[in-house]
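Sequential numbering from 2 applies to the sequence shown in my numbering.
Each residue gets a CB set at the ideal place from its N, CA and C atoms; glycine is no exception.
The structure presented is a predicted model; accordingly, all values stated were derived computationally and were not measured.
Down below is the structure, laid out as structure tokens.
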Amino acid sequence: MRALSPLQRAIKLLQKDYANDLQTENLVRAFDVMLDEKKAKGILVMEAGPARDAWLNKQLQNAQ
């Protein structure tokens, strides 16, 4: 079985941790943010909590 890429793992994380908190439009925007491999890898190593949430919100604002 092939290992998931950082993008795939980041999308799984977003669906698991943010699907109930983000509107669908923002969740899709977050998927687009993860197309940047550095950002996908970054969110994977951040611990869940306010700092990661704030970082993701900043990325979503910049993506508008």
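- In this structure, A11 places its C-beta atom within 8 Å of the C-beta atom of L45.
- About 6 Å separates the CB atoms of L15 and L28; that is less than 8 Å, so the two are in contact.
- It is roughly 7 Å from the alpha-carbon of A64 to the alpha-carbon of R30.
- According to the DSSP assignment, E26 belongs to the alpha helix (DSSP H) that extends over T25 to V34.
- Of Y19, K39 and L8, the smallest CA-CA separation from P51 is found for Y19.
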